[in-house]
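What follows is a single structure, written as structure tokens, with notes after it.
Take a look at the structure:
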């Protein structure tokens, strides 16, 4: 048996770690660093990626309607108790109508078309006398029988030489039926051929309720409507020679001497023409034009009143004159200057990217001449808006159309300035 001194000493050897564990510990910091770098790089790429794409274009949203109505109640005009009537303001449109659209006899109002056809076939410059006509023996011989029938005439003689202007004065002032027939034959060779021209012209002008059977209006089968006569009157008054003639209170003719205008309203309350008419079948008729000043702007009122009753021509004409005076006063009173758009009023909203934006405003106020209830059209022309605009920069045009008249408008300007969003804002909002 051994004692303590006989015990053997055992020494344990130190075993080194396996190579794979040691290498893994060395690579770990590098792996973590690389992963962090990748994350940072990815985040940076994610943040700046939107900067490679353009910002959306600002949009424009109009805040004004395409049309507006002048505020207030439309005017009520003092229409006659019978017949037909219409009032129109040249360039603005129809102010009102009465009596429907049934074609009615129009008596010597017919001569407006006679004069219009003559002047379109044989134009006259302002003040020009034009070509000469010679009264034939047949036309002169017909005068006594025409006078016996009670027609409206001017005295003529065979061989009488009269200018185109003088002949037109004879039919438009004292309403000479015989001169209307003389002019018709001079122009077309026969009355029938001339009447065909009258009807063709009416068709061209859109006078759908009109039919002519003679150049004087004595025949009650010559019919029209107030609307159609307003259309024709507006066209005729655009001819300088016509407007000159119907404005005259009197004229001097070679044989008849001084003749007077039957239209007693001429020269009063702005009336500048146009033509009376009166027969038993037609009653009292009048087509008229008046020039008035509203807010510094000259406006032409065109109207027609047909079918006013009466036992004789003087009574019929008195009634049609009274109706016309009343209508004309009311029409003038209804016309005024109206402000549609105030200076600085917003016309459109501009929406830029990321909440940026501005407004488009009227540079000055827009005023129109018209009446309450008149509808007007608005046309805003606004070019594409860049992402950067200065405050108060001119940008576009607003035009207002009241009827077919001369348009009015104003330049448009930006409100506040607009800047594109900053780089940081784009990154922050990822846009």
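In my numbering, the protein residues as written are 1 to 431. Glycine residues also receive a C-beta, built at the ideal position from the N, C-alpha and C atoms. On a predicted model such as this, the values are computed, not experimentally measured, just so you know.
Please identify the residue among the options whose C-alpha is closest to the C-alpha of residue i.
| i | options | result |
| --- | --- | --- |
| residue 299 | 369, 353, 236 and 392 | 369 |
| residue 192 | 181, 201 and 202 | 181 |
| residue 58 | 123, 356 and 397 | 356 |
| residue 285 | 376, 292 and 310 | 310 |
| residue 231 | 268, 168, 280 and 302 | 302 |
| residue 290 | 254, 304, 389 and 70 | 304 |
| residue 273 | 172, 133 and 348 | 172 |
| residue 322 | 96, 296, 279 and 263 | 263 |
| residue 282 | 77, 75, 72 and 105 | 105 |
| residue 125 | 109, 238 and 200 | 238 |
| residue 214 | 376, 203 and 108 | 108 |
| residue 227 | 138, 94 and 408 | 94 |
| residue 349 | 115, 287, 415 and 102 | 415 |
| residue 186 | 132, 176 and 210 | 132 |
| residue 341 | 148, 318, 367 and 325 | 367 |
| residue 220 | 246, 207, 233 and 307 | 307 |
| residue 329 | 75, 138 and 373 | 75 |
| residue 418 | 208, 408 and 393 | 393 |
| residue 409 | 222, 339 and 60 | 339 |
| residue 128 | 67, 343, 167 and 102 | 167 |
| residue 100 | 110, 84, 188 and 111 | 84 |
| residue 275 | 65, 236, 389 and 252 | 236 |
| residue 225 | 98, 115 and 343 | 98 |
| residue 86 | 390, 111 and 326 | 326 |
| residue 161 | 179, 113 and 148 | 179 |
| residue 288 | 271, 296 and 278 | 271 |
| residue 320 | 343, 207 and 279 | 279 |
| residue 247 | 234, 188, 110 and 169 | 169 |
| residue 163 | 364, 265 and 252 | 252 |
| residue 343 | 165, 314 and 360 | 360 |
| residue 266 | 202, 324, 222 and 297 | 324 |
| residue 364 | 70, 347 and 358 | 347 |
When DSSP labels each residue in this structure, what does residue i get in the three-state scheme?
| i | result |
| --- | --- |
| residue 70 | coil |
| residue 88 | strand |
| residue 58 | coil |
| residue 130 | coil |
| residue 324 | helix |
| residue 76 | coil |
| residue 49 | Because residue 49 sits at a pLDDT of 49, beneath the cut-off of 50, its placement in the model cannot be relied upon, and the point is left open. |
| residue 15 | Model confidence at residue 15 stands at a pLDDT of 47, short of 50, so the residue's coordinates are unreliable; what they give is reported in the following sentence. Coil, per DSSP. |
| residue 387 | coil |
| residue 362 | strand |
| residue 401 | strand |
| residue 107 | helix |
| residue 345 | coil |
| residue 382 | coil |
| residue 396 | strand |
| residue 338 | strand |
| residue 374 | coil |
| residue 303 | strand |
| residue 368 | strand |
| residue 413 | strand |
| residue 418 | strand |
Could you give the distance in angstroms between the alpha-carbon of residue i and the alpha-carbon of residue j?
| i | j | result |
| --- | --- | --- |
| residue 250 | residue 80 | 29 Å |
| residue 63 | residue 345 | 10 Å |
| residue 354 | residue 411 | 28 Å |
| residue 218 | residue 316 | 16 Å |
| residue 216 | residue 91 | 30 Å |
| residue 420 | residue 384 | 15 Å |
| residue 89 | residue 332 | 10 Å |
| residue 254 | residue 183 | 16 Å |
| residue 293 | residue 334 | 13 Å |
| residue 375 | residue 175 | 39 Å |
| residue 259 | residue 153 | 11 Å |
| residue 146 | residue 195 | 20 Å |
| residue 67 | residue 403 | 11 Å |
| residue 150 | residue 73 | 48 Å |
| residue 205 | residue 157 | 36 Å |
| residue 102 | residue 209 | 7 Å |
| residue 139 | residue 77 | 45 Å |
| residue 373 | residue 65 | 16 Å |
| residue 257 | residue 199 | 33 Å |
| residue 371 | residue 391 | 36 Å |
| residue 233 | residue 337 | 25 Å |
| residue 229 | residue 222 | 13 Å |
| residue 362 | residue 268 | 41 Å |
| residue 406 | residue 297 | 11 Å |
Step through the CB atoms of chain D and report whether any lies within less than 7 Å of the CB of residue i.
| i | result |
| --- | --- |
| residue 115 | Included in the structure is just one protein chain, with no chain D present. |
(message) With a threshold of 8 Å, are at least 3 pairs of Cβ atoms found where one atom belongs to the stretch 233-246 and the other to the stretch 117-132?
(response) yes
(request) List in chain order: all unbroken alpha helix (DSSP H) runs of 4+ residues lying wholly within the stretch 147-203. (result) 164-172 and 177-188
(request) Specify whether the stretch 392-411 and the stretch 365-383 touch according to this definition: at least 3 beta carbon pairs, one from each stretch, less than 8 Å apart. (result) yes
(request) Go through the stretch 210-297 residue by residue and report every complete run of the alpha helix (DSSP H) that reaches 4 residues or more, in order. (result) 226-236 and 240-246
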